[in-house]
Each structure stands twice: as C-alpha cells, then as structure tokens.
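Trainee: Structure in structure tokens, see below.
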Amino acid sequence: MSFNTSYTDTGLFGIYFITENKDCQDDLIHFAQKEWARLTTSVTSAEVERAKQQLKSSLLLSLDGTTAIAEDIGRQLVTTGKRTSPQEVEQLINKITAADVHRVASQYLWDREIAMVGIGPIECMPDYGRVRNNMSWNRF
Numbered sequence: 001m002s003f004n005t006s007y008t009d010t011g012l013f014g015i016y017f018i019t020e021n022k023d024c025q026d027d028l029i030h031f032a033q034k035e036w037a038r039l040t041t042s043v044t045s046a047e048v049e050r051a052k053q054q055l056k057s058s059l060l061l062s063l064d065g066t067t068a069i070a071e072d073i074g075r076q077l078v079t080t081g082k083r084t085s086p087q088e089v090e091q092l093i094n095k096i097t098a099a100d101v102h103r104v105a106s107q108y109l110w111d112r113e114i115a116m117v118g119i120g121p122i123e124c125m126p127d128y129g130r131v132r133n134n135m136s137w138n139r140f
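Residues in the sequence shown are numbered consecutively from 1, following the UniProt record's numbering.
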C-alpha cells in the first residue's frame, strides 16, 4: 500500500507491506525498489493515464460526506494555505504526463536516503546499507 503525507514545508511518501512469510522480505523490498527505479525510466503514458483515473476516483470517493469534506478543507489549508476545489484538483491531475513522473521520480527517488522499519520477526530483512545502495541502480 502506498501513502503520502504532506506538510507546508516537507512531506513523506512511501510504501508499506505486511507478510507472514519472513523468507520473502528481501523479495518484497527488491521488487518495490525495482518498480521505483522503473518510474525514473520507463513508465508509459498508458500507465500514467490509468493511475490518473484511479487517483481522481479515489479522491472523489474520499469526499463522501460533510465530515470528510471538512477534513479535506482543513488538510488543504494546513498544507497549502488555500482550498482547491475538486474540479481544480482534477484539472491539475489531468496535466500530469509520463515525463512529469520520470522527472519527479528521478528527483525524489533516485539515489535518495530512505527510512526502513520492520516489526516482528525481521531476521531475514535485508541490511539497510544494501537497500540504500539499491536506490541508485543503473537506470540505463
């Protein structure tokens, strides 16, 4: 599952996963990093269009009541200082291209520090240094 937390001057995004098979922890991290690396080079326009449709649907479905709308307004005011209407958000999402995804992924994912947390039986979790080094896999 992916997540994104925004603040006025910083933010955090990432993924989390749960497994009961301690032997597959290394594979889960490996394939997650492989997908992140792929975002810097070979994400397709079709994938971006599909993701944009999913994002718009998710955002609209999350505004299904006065409490959810009030929380959204509050979150926007805290993080950006203004309220953006759902229509404006949709217009901004529609402008995103595969080149934008490549640019942002290269800027924020490629060869960047990461945070890694494990809870439970983590003896098979890969070493942080190795995972960190994999953030700069050869993209070409």
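Just so you know, even glycine gets a beta-carbon here, dropped at the ideal spot from N, CA and C. Please read all numbers here as calculations on a predicted model, not as lab measurements.
1. Are three or more beta carbon pairs between the stretch 60–76 and the stretch 118–133 nearer than 8 Å?
2. Note down, in chain order, each residue of its chain lying with its Cβ closer than 6 Å to the Cβ of Pro-121, except the 5 sequence neighbours on either side.
3. Which of the three DSSP states, helix, strand or coil, is assigned to Ser-58?
4. In its own chain, which residues sit with a C-beta less than 8 Å from the C-beta of Gln-76, not counting the 5 before and 5 after it?
5. Tell me the residue span of the alpha helix (DSSP H) that contains Ser-106.
6. Hey, out of Ala-99, Lys-34, Pro-86, Thr-40, whose CA is closest to Ser-106's CA?
7. Which same chain residues, not among the five before or five after Ser-45, have their C-beta less than 6 Å away from its C-beta?
8. Among Trp-110, Glu-20, Gln-54, which residue has its Cα nearest to the Cα of residue 149?
9. Can you grab the Cα-Cα spacing for the pair Gly-129 / Thr-8, in whole Å?
10. Against chain B, with Cβ distances strictly below 8 Å, would Lys-34 count as a contact?
Mentor: From the atom records:
1. Touching, no, given that fewer than three Cβ pairs across the two stretches are closer than 8 Å.
2. Sequence-distant partners of Pro-121 (beyond 5 residues in either direction) whose C-beta falls short of 6 Å from its own C-beta, in its chain, are Lys-22.
3. Judged by DSSP in its simplified three-state form, Ser-58 adopts helix.
4. Closer than 8 Å at Cβ, skipping near neighbours: Lys-82, Arg-83, Thr-84.
5. Residues 98–108.
6. That would be Thr-40, whose Cα lies nearest to the Cα of Ser-106.
7. Correct list, in chain order: Ala-98.
8. Here the chain covers residues 1 to 140 and nothing more, so residue 149 does not appear.
9. Distance between the alpha carbons of Gly-129 and Thr-8 is about 30 Å.
10. Given the protein chain composition of this structure (a single chain), no chain B is represented.
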